[in-house]
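First residue of the sequence shown? That's -16 in the numbering used here, and the numbers climb one at a time after it.
We treat Cβ as the ideally placed atom computed from N, Cα and C, and that holds for glycine.
Since the model is a prediction, treat every value here as computed from it, not as a measurement.
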Amino acid sequence: MNWEVVKKEYESTNITLKALAEKYDIKLGTLKSRKSREGWSRDPTKKDATKREKVANSPKRMQLKEDDTSGHELNLDNFLEDSGLTEKQRLFCLYYVKSFNATQAAINAGYSPIGAHVEGNRLLKNAKVAAQIREIKKDMVNGVFVEAMDVLNKYIKIAFSDINDFLTFGQKDVPVIGAFGPLEDDDGNPIMQEVNYVDFKESGVVDGTIISEVKQGKNGVSIKLEDRMRALDKLAQYFELLPDSMKRKLQEEKLKAETERIKAETNKIGKGPGKEPLLIEIDYGDDDDDE
């Protein structure tokens, strides 16, 4: 979507937002949010002043740049920018608009259950927190909050990715090849041997959005996925926003991922010198990237 074209048409014509949304097949709520966020105006003399006023005075709102997703690091916090709120305060805002229970929202955000009732009421009276809650409510109405939750769904896709989504592997019988071609037995039948195989699926049938790198190295092919452990950790942070079935799966996947990590470290320690095997690797990201 080329938002500059949409913006230019709005500012240079008398077309209504509804007609503009229909013309470019955009949700009306998304278009209204974009217009408000970027200060679209049909009066050029007011436009720049409006932008300056927003930068100076208004708190930042949840933002999802629909036209700038490639290469953008997934981070739900990017859509919950604030004007001085702590991480706990931001989480409180999220949980509060889900249940409108200040006590439970405070507990889910990481505050002590002892005194959570008092803490929740105190947070609601905090001017910055109250402003953030109002902004989230507005964005929920305009559809922007739903788009931000799409980012959370992206974390879910990364965290629950499976090796079988990208390749098939097993054992199969293949002809034994000699110096002059396939070998045959005394009866003229091809001599077969059982070998291990790994076949990558076609790019058109896999979700390429959770693959960060594919490369051919001297030891074989490597596929690097987006950091799975980081996605699991992020989902754990927003645990109470997930449905019950997803909560159970998250706990299972965290245990599975930790088991895989320990197993990989054990194999690395026990690996002796010698010829390296052909490598076909699924890399679930590097924890060092977060530093």
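Beta-bridge pairing of residue i - partner residues as DSSP gives them
| i | result |
| --- | --- |
| I160 | P165 |
| M175 | P158 |
| Y180 | G153 |
Buried versus exposed call for residue i [16 or more other C-beta atoms within 10 Å across all chains shown]
| i | result |
| --- | --- |
| S95 | exposed |
| L238 | exposed |
| A113 | exposed |
| Q115 | buried |
| N172 | exposed |
| R231 | exposed |
| R213 | buried |
| R25 | exposed |
| S(-5) | exposed |
| I245 | exposed |
| G91 | Residue identity differs from the one stated: residue 91 is Asn in this sequence, not Gly. Answer is buried; the Cβ neighbour count reaches 16. |
| I141 | buried |
| I139 | buried |
| E(-13) | exposed |
| A162 | exposed |
| S41 | For S41, the predicted model reports a pLDDT of 41, less than 50, meaning its position is unreliable; a value from the coordinates is still stated below. Exposed. |
| E118 | buried |
Beta carbon of residue i nearer than 8 Å to that of residue j
| i | j | result |
| --- | --- | --- |
| V159 | L166 | yes |
| Y180 | F149 | no |
| L74 | G98 | no |
| M10 | A4 | For clarity, residue 10 is Lys in the given sequence; the question names Met instead. Yes. Within cutoff. |
| K120 | V80 | yes |
| D168 | I174 | yes |
| E196 | K184 | no |
Nearest-angstrom beta carbon gap, residue j and residue i [assumed within contact, 8 Å]
| i | j | result |
| --- | --- | --- |
| K(-10) | L0 | The Cβ separation is near 12 Å, so there is no contact. |
| V178 | Q154 | 7 Å |
| L215 | E243 | No, L215 and E243 are not in contact; Cβ-Cβ is about 12 Å, not under 8 Å. |
Segment contact, 8 Å Cβ cut-off, at least three pairs: the segment 99 to 110 with the segment 76 to 91 | yes
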